[in-house]
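Protein chains in written order, with my numbering: chain H, 2 to 375; chain S, 2 to 375; chain P, 2 to 375; chain X, 566 to 682; chain V, 566 to 682; chain L, 566 to 682. Glycine included, every Cβ here is placed at the ideal spot set by N, Cα and C. Model, not experiment: these values are computed from the prediction.
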Amino acid sequence: MEIFLDFVQAGAIGNFTWGNFGMLIVGCIFLYLGIAKDYEPLLLVPIGFGILVGNIPLASGMQIGIYEEGSVLSILYQGVTQGWYPPLIFLGIGAMTDFSCMLANPKLILLGAAAQAGIFLTFIGAVLLGFEYHEAAAIGIIGGADGPTAIFLSSKLAPELLGAIAVSAYSYMALVPVIQPPIIKLLTSKKERLIKMKPSKPVSKRLRILFPIIAFLITAFIAPGSLNLLGFLFFGNLLKESMVTERLAATARTAFIDIITILLGLTVGASTDASRFLTPESIKIFILGSLAFGVATAAGVIFAKIMNVFLKNKINPIIGAAGVSAVPDSARVCQMVGAQEDPNNFLIMHAMAPNVAGVIGSAIGAGVLLAAFG
Amino acid sequence: MEIFLDFVQAGAIGNFTWGNFGMLIVGCIFLYLGIAKDYEPLLLVPIGFGILVGNIPLASGMQIGIYEEGSVLSILYQGVTQGWYPPLIFLGIGAMTDFSCMLANPKLILLGAAAQAGIFLTFIGAVLLGFEYHEAAAIGIIGGADGPTAIFLSSKLAPELLGAIAVSAYSYMALVPVIQPPIIKLLTSKKERLIKMKPSKPVSKRLRILFPIIAFLITAFIAPGSLNLLGFLFFGNLLKESMVTERLAATARTAFIDIITILLGLTVGASTDASRFLTPESIKIFILGSLAFGVATAAGVIFAKIMNVFLKNKINPIIGAAGVSAVPDSARVCQMVGAQEDPNNFLIMHAMAPNVAGVIGSAIGAGVLLAAFG
Amino acid sequence: MEIFLDFVQAGAIGNFTWGNFGMLIVGCIFLYLGIAKDYEPLLLVPIGFGILVGNIPLASGMQIGIYEEGSVLSILYQGVTQGWYPPLIFLGIGAMTDFSCMLANPKLILLGAAAQAGIFLTFIGAVLLGFEYHEAAAIGIIGGADGPTAIFLSSKLAPELLGAIAVSAYSYMALVPVIQPPIIKLLTSKKERLIKMKPSKPVSKRLRILFPIIAFLITAFIAPGSLNLLGFLFFGNLLKESMVTERLAATARTAFIDIITILLGLTVGASTDASRFLTPESIKIFILGSLAFGVATAAGVIFAKIMNVFLKNKINPIIGAAGVSAVPDSARVCQMVGAQEDPNNFLIMHAMAPNVAGVIGSAIGAGVLLAAFG
Amino acid sequence: MSESVKFSLDFAVIGISIVFVSLAIISFAIWLIRKADDGWQLHEANKKEEALEKEQNIDTTTLIIISAAVATMALGRFHIRKVRRLMKGDSQHRPWSVQGRAVLHGSHITGNRKRQR
Amino acid sequence: MSESVKFSLDFAVIGISIVFVSLAIISFAIWLIRKADDGWQLHEANKKEEALEKEQNIDTTTLIIISAAVATMALGRFHIRKVRRLMKGDSQHRPWSVQGRAVLHGSHITGNRKRQR
Amino acid sequence: MSESVKFSLDFAVIGISIVFVSLAIISFAIWLIRKADDGWQLHEANKKEEALEKEQNIDTTTLIIISAAVATMALGRFHIRKVRRLMKGDSQHRPWSVQGRAVLHGSHITGNRKRQR
Ligand code: NA
Ligand code: NA
Ligand code: NA
């Protein structure tokens with residue numbers, strides 16, 4: 002009978018907390034959003050299930066929990082804490098991303114830069130709310146609207162906030178279709194939203210091959226802190242565009258990225274143990290996160306309007322919102338907002354340019370933050 | 002010339018033992034069974050070749066052997082010693098297993114529980130034969146008839162017995178078609194073996210999605226020690242059934258599980274060095290293993306007969322034998338035994354229910370053993 | 002403003018060296034050869050991009066460089082320094098190599114042995130040039146004309162020379178079509194080059210299954226140091242030829258080898274930091290490397306001529322050159338040189354025999370060197 | 566009977582009981598959900614009608630996006646045939662998911678070649 | 566001639582000899598097996614006839630299992646067409662292997678979709 | 566205004582500037598390459614004619630190798646249909662690459678089944 006009591010003690014009944022219970026509900030909400038609502042399922046499902054795994058009440062000492070050294074989860078979590086899952090995901094993303102929309106109209110790249118203002122304004126906000134610089138930097142990257150970048154930077158700068166930052170970043174990325182349209186409409190006139198842009202010219206194969214090499218050298222020279230992200234992104238893209246290494250690119254964008262995605266999502270979710278996650282800091286991070294997305298969207302749209310002052314061929318300022326990255330959701334949002342005014346205005350291909358530029362922009366931003374506070 | 006003698010000394014001739022020779026023959030038998038007899042080739046071929054690799058006579062100090070720190074084999078073996086290969090295999094198994102046969106007729110799940118009596122009776126037997134509790138627990142899990150579970154538990158509880166336990170478990174799993182039929186026939190009457198069961202009702206998509214989530218929560222709350230196995234099993238199954246993460250499930254059940262299977266099989270085989278494997282303990286383990294399989298089969302069949310006392314729609318007790326797991330071999334054995342009495346009695350689909358329930362059951366059993374002796 | 006200066010200090014401008022600049026150009030040349038010239042693109046593209054990554058001028062202390070402990074690149078580089086990437090590549094190569102050309106005409110295997118003279122003569126040369134024995138051994142393996150073998154052996158014997166040895170080996174492997182033809186023509190008469198060989202007999206399935214097992218046992222008994230390479234090569238081949246483990250072989254020769262190839266190429270490239278790579282030793286290594294390829298080719302051709310003295314059915318000595326390995330480039334070179342004399346002389350299938358035998362031969366050579374100096 | 570044998574007997578009884586109870590609860594939970602499912606399925610039927618209307622609406626958006634792709638085919642890299650194939654494969658889902666499926670990591674595009682491997 | 570050069574010469578001779586001997590033994594072993602194969606192949610021919618009869622027998626079992634699948638198609642999730650395809654792909658093996666192939670880890674089912682990727 | 570707020574303002578300005586400058590340089594570099602491309606494309610057109618002649622030449626070699634494969638079909642393991650399929654898939658490349666593609670690790674053959682998965 003004693004044995005039985007010991008066993009119960011080791012299990013859920015002996016270690017139950019209401020915090021864990023709350024987090025189990027959060028996990029179920031993630032699963033619901035991913036499965037029933039189809040919001041970013043490839044991330045919300047692994048993270049959601051991971052939250053369940055991480056909040057099972059356990060006696061420590063059984064080598065099961067993700068924070069116990071030597072446990073299986075802690076070993077798989079090393080890819081997050083040591084920071085090598087995100088670069089490998091960027092490798093796969095590079096091998097699946099087609100930058101030609103951006104190469105066809107390079108001035109739209111600047112919109113992807115403008116939207117990164119969200120990163121740095123959120124940094125200021127976090128400092129104002131009392132976070133340390135290195136924590137504020139990790140929180141600011143939520144404004145980059147890019148999951149792997151956020152996980153990579155916070156694993157380096159503020160590992161104790163990683164769970165909250167990752168969950169916040171992915172939550173808002175899933176909510177992009179809710180957050181962006183009102184901001185876009187507020188900042189643009191109907192006339193602006195009706196602007197039609199010319200289809201771009203085709204892009205030569207040579208340019209597509211040279212781009213990852215040159216863009217890598219430029220970003221690595223200016224912001225070497227971004228090397229771990231952009232080095233892998235552009236490497237993956239070169240594998241794809243060079244055509245001669247297609248089998249490597251194919252594996253990078255299928256089996257390889259899938260394996261890392263499964264492990265990253267599950268362990269990031271499992272790291273959101275209630276005792277670490279349910280803190281006042283997490284609430285502040287969620288507030289700052291929504292600020293970050295709003296500011297980033299606004300900065301992109303406003304910068305597009307500023308560019309229009311100087312340009313002959315006007316840009317439809319809606320596509321400035323796509324600069325936040327959150328590929329391809331925000332580009333799709335731009336298409337929809339544009340189509341509400343004129344169903345024959347096909348903005349999505351133009352919006353892809355600031356969209357992918359935003360990925361590069363937020364990785365550079367991460368490099369700057371890493372160089373300063375790493 | 003001296004150089005040459007040194008070289009010879011480092012090699013096979015200088016280190017040859019008859020134990021190694023015996024193990025090389027065992028390895029060849031495994032390869033023969035896998036390739037020529039087609040018994041469990043996906044495991045017997047890697048393990049068999051691994052036995053060859055592990056029993057090449059070597060001077061130590063060359064950083065080649067699996068027990069020398071820093072050697073390639075020892076690094077690849079870490080997935081076994083640290084216990085993370087088996088959960089990743091369970092992930093893939095979850096992503097390929099269709100639980101609907103079980104969901105369609107949930108009372109058959111109990112048969113998968115009954116057969117786990119084999120685990121605990123073998124535990125008693127091993128204690129009687131003089132093993133320590135933690136060793137007896139690792140040996141008992143052979144009765145679970147599940148390779149990854151056996152490897153996971155013995156890596157945690159009795160690493161020094163891992164080779165013998167794994168080889169014993171896989172040997173008997175390959176011999177299921179030989180072991181089970183006489184036991185089934187002994188315990189059932191012809192009339193019982195002729196029982197026809199009704200086809201089950203279809204299972205809704207919603208139930209298939211909810212099942213892995215709910216089953217995970219139940220098992221993790223009751224037996225948190227099973228989390229590393231069942232967490233990954235149900236996670237993989239959710240990736241499959243949710244439909245929205247099909248690309249992740251596809252990778253988990255192909256490239257990912259294949260990679261882990263190759264590494265697990267090879268290194269488990271290579272760990273059966275003659276000096277560690279050819280011991281009196283191994284012989285006892287083999288005897289206990291056969292006991293475990295016999296008891297598990299009998300327990301499943303007898304429990305089915307007990308259930309029939311209370312049920313209106315009688316269960317064909319043959320399918321109780323499928324509760325041992327050894328998926329899908331033992332379900333197939335049930336089909337064959339049934340067809341010998343009545344070729345038109347299609348038991349296989351009914352037998353799949355206790356069969357997959359047995360996988361869950363033995364993982365729970367492993368969790369109980371881990372909580373008690375881990 | 003101070004912040005800005007700090008930032009600049011951390012980046013390229015503060016750490017620029019002409020050595021790095023030179024290496025960036027080397028990287029671009031590799032990319033050019035791989036992409037535009039289609040020379041060994043699956044290796045030159047990853048290595049070339051890796052050279053770019055490894056020579057970005059960085060302040061140390063940011064945990065980015067491959068030689069800084071804990072950086073992402075240093076973690077991925079562990080597969081090279083700990084030596085487990087090359088065996089896994091050999092696994093995939095085994096799963097894609099068809100040895101039947103060799104099995105059909107086993108006496109041609111000896112040509113693959115003769116060409117390994119390049120390894121040992123280069124070893125003597127390196128000792129003469131003042132290298133230590135263990136360094137000379139690592140340099141000698143360039144004569145094996147086999148990338149993974151060279152990386153494996155130099156990671157074990159002379160890690161500080163790994164970059165130079167790898168770059169040298171791959172450079173000459175890409176230049177096989179330039180190096181070999183003049184040597185072949187110099188050593189053979191027109192009459193010899195016109196020799197036509199009989200088509201070989203078919204090979205039974207049983208022989209193809211037995212071959213990897215028996216060849217593994219023979220090589221492991223004689224040269225256990227080759228076990229890490231040949232164990233995995235023959236294991237992969239058994240997975241392929243046994244037919245019953247086709248799904249494992251398929252993964253080994255696609256997703257698995259691709260993943261390792263990406264990581265190996267990138268990190269080997271990134272390890273060629275200018276300060277380590279641009280040394281007088283590297284120049285000596287390049288000179289010895291060209292010697293190695295030349296000697297290996299000559300040894301293969303001359304041995305073929307010696308064999309012809311004793312054989313009734315003469316061998317076309319051109320195919321002796323294929324014994325260097327460099328699969329399948331050197332076999333293709335033999336075909337071309339032969340076709341220049343007689344367009345209807347189809348040597349390629351015969352040349353494949355010494356070609357794959359050369360892979361085994363250089364791995365045995367590596368095992369000998371490892372046993373002696375490891 | 567020795568101490569250790571007594572312990573192991575006790576332990577075996579408790580162990581098999583825990584396995585049994587766990588699986589019995591799972592079995593019961595499944596039975597419960599199956600019961601509830603009948604109610605849900607009715608509820609679903611109503612919902613489906615609503616969904617159908619909604620789908621119509623979203624479908625239009627999708628159509629626009631597809632036409633956008635056509636319109637920009639000038640870029641020369643987008644083939645309509647592939648888009649259609651992608652839709653068929655996932656036809657059991659709402660059109661939104663068709664696009665969602667093309668997404669990895671909430672923040673990145675998936676090339677058209679994704680499913681060709 | 567310096568000590569080290571003498572050593573390296575000696576070593577080179579021994580090294581190349583070991584490579585040679587290893588490959589020569591492999592070459593000889595292959596030659597030996599090829600010889601033996603002729604005998605085996607004859608033996609095989611007889612065996613094949615026996616095997617053919619056996620196969621007939623096992624085939625019946627397989628047929629039963631397939632029909633079982635048909636019978637339980639009521640479950641709505643099992644398509645006979647797939648089962649047939651699986652058999653064709655592996656037709657060089659005995660029917661038992663057709664099922665064996667569907668197994669991974671001696672203890673777990675492989676879904677029908679396994680080969681569809 | 567506190568010290569830390571001042572710092573964070575300064576830092577934010579510098580940070581966003583660096584992002585901007587980086588992307589602006591990339592944007593400019595792309596624009597530059599596009600300009601250069603026009604010249605290159607002209608140059609290319611001339612080159613292509615040369616290449617065409619060369620290709621003819623190399624094609625012959627390839628043909629020989631393919632015929633070699635046919636000739637050794639006696640080995641019973643080489644199917645011409647596959648060789649042809651491999652060529653079509655890569656038809657945008659020079660024939661050399663057709664063979665080069667079949668190579669992994671500069672030193673090893675890729676079986677014919679490579680692309681079948
Ligand atoms: Na961004
Ligand atoms: Na079981
Ligand atoms: Na070689």
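Give me, in chain order, the residues of the same chain whose beta-carbon lies closer than 8 Å to that of residue i; leave out the 5 immediate sequence neighbours on both sides.
i: N106 of chain S; result: S201, H351, A354
i: L188 of chain S; result: A299, V302, I303, K306, P318
Since I believe residue j is in contact with residue i (beta carbons under 8 Å), could you give me their beta-carbon distance rounded to a whole number of angstroms?
i: I361 of chain P; j: T220 of chain P; result: 7 Å
i: F100 of chain P; j: G237 of chain P; result: Rounded, the Cβ-Cβ distance is 11 Å, inconsistent with contact.
i: A256 of chain P; j: A256 of chain H; result: 4 Å
i: I152 of chain H; j: A167 of chain H; result: 5 Å
i: T246 of chain H; j: V46 of chain P; result: 5 Å
i: G49 of chain S; j: F22 of chain S; result: Wrong, their Cβ atoms sit about 16 Å apart, outside the cutoff.
i: S169 of chain P; j: I286 of chain P; result: 5 Å
Leaving out five residues on either side along the sequence, give the residues of the same chain with a beta carbon under 7 Å from the beta carbon of residue i.
i: V578 of chain X; result: none
i: G93 of chain S; result: G237, A253, R254, F257, I258
i: L25 of chain S; result: L53, N56
At a CB-CB cut-off below 9 Å, which residues of chain V make contact with residue i?
i: P107 of chain P; result: I591, S592, F593, A594, I595, W596, R599
Keeping to the same chain, check which residues put their C-beta closer than 6 Å to that of residue i; ignore five residues upstream and five downstream.
i: A372 of chain S; result: G226
i: A364 of chain P; result: T150, S227, L230, L231
i: I65 of chain P; result: L59, S72
i: G359 of chain H; result: G113, A116, G324, V325, S326
i: V296 of chain H; result: G119, L122
i: A293 of chain S; result: G119, T123, I143, G144
i: L239 of chain P; result: P213
Kindly list, in the order they appear in chain S, the residues whose Cβ is closer than 9 Å to that of residue i.
i: R209 of chain P; result: Those do not exist, as R209 of chain P stays about 11 Å from chain S at its closest Cβ, beyond 9 Å.
Quick one: list the residues of chain P neighbouring residue i, beta-carbon separation under 9 Å, in chain order.
i: L607 of chain V; result: None at all; the shortest Cβ gap to chain P is about 12 Å.
Starting from the beta carbon of residue i, find every residue of chain L whose beta carbon is closer than 9 Å, and list them in chain order.
i: I223 of chain H; result: I583, V586, S587, I590
In chain H, which residues lie less than 7 Å from residue i when you measure between Cβ atoms?
i: F50 of chain P; result: F236, L239
Which residues in chain P have a C-beta closer than 8 Å to the C-beta of residue i? List them in chain order.
i: G604 of chain V; result: The contacting residues do not exist; G604 of chain V stays about 12 Å from chain P at best.
Name the chain S residues whose beta carbon is nearer than 7 Å to that of residue i?
i: A577 of chain X; result: F121, L122, F124, I125
Give me the chain S residues within the contact set of residue i, using Cβ-Cβ distance strictly less than 8 Å, ordered along the chain.
i: N85 of chain P; result: The sequence given here has Trp at residue 85 of chain P, not Asn. Simply V73, I76, L77.
Next item on the list: Could you please tell me which residues of the stretch 107-122 of chain P, in chain order, have their CB closer than 8 Å to any CB of chain V?
Entry: P107, K108, I110, L111, G113, A114, A115, Q117, A118, I120, F121, L122
Next item on the list: Can you check the stretch 103-159 of chain P for any alpha helix (DSSP H) of at least 4 residues that lies completely inside it and give the ranges in chain order?
Entry: 110-115, 118-129, 134-141, 148-158
Notebook entry, point to check: Of all the residues that make up the stretch 124-146 of chain H, which are near chain L by a beta-carbon distance shorter than 8 Å?
Noted result: F124, I125, V128, L129, Y134, A137
Item checked: Complete runs of the alpha helix (DSSP H) confined to the stretch 169-250 of chain H [at least 4 residues] -> 177-188, 191-194, 206-223, 233-242
Next item on the list: With 7 Å as the limit, tell me which residues of the stretch 160-187 of chain H have their beta carbon closer than that to any beta carbon of chain S; keep them in chain order.
Entry: none
Item checked: Contiguous alpha helix (DSSP H) assignments of at least 4 residues, all confined to the stretch 54-98 of chain S -> 73-82, 86-97
Next item on the list: May I ask you to list, following chain order, the residues of the stretch 258-277 of chain P that have a beta carbon less than 9 Å from some beta carbon of chain V?
Entry: none
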